[in-house]
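Residue numbers (full-length UniProt numbering), protein chains in the order written: chain A, 1 to 183; chain B, 1 to 183.
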């Protein structure tokens with residue numbers, strides 16, 4: 001951020017009065033431009049015990065398999081965002097079972113939230129952001145070609161919870177590591 | 001938003017190629033400025049069966065009682081944000097028990113998340129944004145002077161769940177109503 005989106009003058013980084021963090025502040029109109037984490041919402045779409053995954057047609061991680069998910073938009077709920085993304089990326093209609101994982105990724109200022117969901121029919125396809133979509137039995141999940149750490153963590157938890165037949169809400173963090181997990 | 005924060009030229013509202021929503025797009029450098037919901041994180045801080053509430057020293061809702069909560073910052077988790085806000089507003093140190101409520105407020109592009117928490121001692125006080133803080137027995141909660149609908153909903157759920165001795169994660173929405181609930 002270099003310019004004020006309100007008046008077009010340059011911004012500087014300083015700690016506003018009464019605050020304790022550096023913010024972008026306009027040198028002219030003094031508007032404080034706060035920056036906050038974004039939510040990525042998605043589903044674990046299940047059909048007869050198999051999970052629907054999407055092979056990404058866009059960067060980052062082109063060609064890797066992902067759960068349908070994307071940035072939550074203004075004016076919607078995380079559940080609406082999750083089902084919208086499932087439709088857009090997998091052309092799949094789902095009913096949501098429950099909120100399943102909330103995974104913080106603080107080094108990129110994101111919170112990923114996945115809902116457990118059930119396909120309403122065997123109809124699905126590849127949306128514009130997917131090369132293909134496919135149902136995977138749990139033993140066939142392509143672990144070496146998974147897109148993002150939050151998708152991997154959610155799938156790992158799901159496979160464990162299927163054994164236990166119990167699907168609680170999991171709150172977890174993925175911290176930056178010097179050995180990047182492929183992103 | 002009137003100006004591009006990257007180059008300072010005016011922005012216009014249009015649907016970028018491959019998108020289906022109006023976005024602010026710079027007429028000069030073509031940067032797309034996405035806008036996304038923000039997370040408010042807080043706690044239900046409990047000490048020996050009583051809930052710690054804060055009387056707001058700032059607008060909106062100056063003088064009303066609230067649970068400690070505030071906007072999540074970059075580089076933190078919702079749990080870290082919730083405990084930070086509890087410290088800043090109530091000078092209270094807590095241990096978090098579990099994620100408790102996730103309440104969407106889509107008409108103001110916010111998601112409020114409250115954790116159940118236990119004070120580590122009877123020490124608390126009024127931070128800069130609080131006029132006073134006080135422990136309330138459940139039967140003494142000042143229902144007529146509660147700050148925001150998400151705080152009210154969370155407190156209502158908590159009072160119910162204390163009866164049931166069961167505190168599941170609640171996912172809920174508060175939609176705009178023509179009869180505003182005081183905000």
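Backbone N, C-alpha and C define an ideal beta-carbon position, used for all residues, glycine too.
With burial defined as no fewer than 16 other Cβ atoms inside 10 Å of the residue's Cβ, what is the status of residue i: buried or exposed?
i                     : result
residue 158 (chain A) : buried
residue 18 (chain B)  : exposed
residue 106 (chain A) : buried
residue 21 (chain B)  : exposed
residue 153 (chain B) : buried
residue 183 (chain A) : Legend: pLDDT at residue 183 (chain A) = 44, less than 50; position of this residue unreliable, no value from coordinates given.
residue 69 (chain B)  : buried
residue 75 (chain B)  : exposed
residue 4 (chain A)   : buried
residue 55 (chain A)  : buried
residue 146 (chain B) : buried
residue 64 (chain B)  : buried
Across which residues does DSSP place residue i in a beta bridge pair?
i                     : result
residue 113 (chain A) : A:41, A:102
residue 167 (chain B) : Partner(s): none; residue 167 (chain B) has no beta bridge.
residue 172 (chain A) : A:103
residue 50 (chain A)  : A:47
residue 143 (chain B) : BP columns for residue 143 (chain B) are empty, so no partner.
residue 13 (chain A)  : A:24
residue 96 (chain A)  : A:117
residue 55 (chain B)  : B:65, B:132
residue 70 (chain A)  : A:41
residue 3 (chain A)   : A:10
residue 32 (chain A)  : A:25
Which same chain residues end up closer than 7 Å to residue i when comparing Cβ atoms and leaving out the 5 residues on each side of it in sequence?
i                     : result
residue 165 (chain B) : none
residue 124 (chain A) : 52, 90, 91, 92, 133
residue 50 (chain A)  : 135, 136, 137
residue 67 (chain A)  : 42, 43, 44, 53, 114, 151, 154
residue 62 (chain A)  : 56
residue 156 (chain B) : none
Residues in its own chain within less than 6 Å of residue i by CB, not counting five upstream and five downstream?
i                     : result
residue 93 (chain B)  : 120
residue 23 (chain B)  : 16, 32
residue 161 (chain A) : 167
residue 114 (chain B) : 42, 44, 100, 101, 154
residue 88 (chain A)  : 127
Between residue i and the rest of its own chain, which residues show a CB-CB distance below 8 Å, the 5 nearest in sequence each way excluded?
i                    : result
residue 13 (chain B) : 22, 23, 24, 25
residue 38 (chain B) : 71, 72, 109, 110, 111
residue 46 (chain A) : 52, 116, 117, 118, 119
residue 95 (chain B) : 117, 118, 120
residue 80 (chain A) : none
residue 29 (chain A) : 4, 6, 7, 9
If the criterion is Cβ atoms closer than 8 Å, does the pair residue i and residue j meet it?
i                     : j                     : result
residue 130 (chain A) : residue 57 (chain A)  : yes
residue 142 (chain A) : residue 174 (chain A) : no
residue 8 (chain B)   : residue 127 (chain A) : no
residue 78 (chain B)  : residue 104 (chain A) : yes
residue 27 (chain A)  : residue 40 (chain A)  : no
residue 6 (chain A)   : residue 2 (chain B)   : yes
- Task: Using a Cβ-Cβ cut-off of less than 9 Å, give me the residues of the segment 27-41 of chain A that come near chain B, in sequence order.
- Result: So the close ones are 33, 34, 35, 36, 37, 38, 39.
- May I ask you to list, following chain order, the residues of the segment 59-75 of chain A that have a beta carbon less than 9 Å from some beta carbon of chain B? Residues of the segment 59-75 of chain A with a Cβ closer than 9 Å to any Cβ of chain B, in chain order: 71, 72, 73, 74, 75.
- Query: Just by C-beta distance, which residues in the segment 117-134 of chain B are closer than 8 Å to chain A?
  - Reply: Within the segment 117-134 of chain B, the residues whose Cβ lies closer than 8 Å to some Cβ of chain A are 128, listed in chain order.
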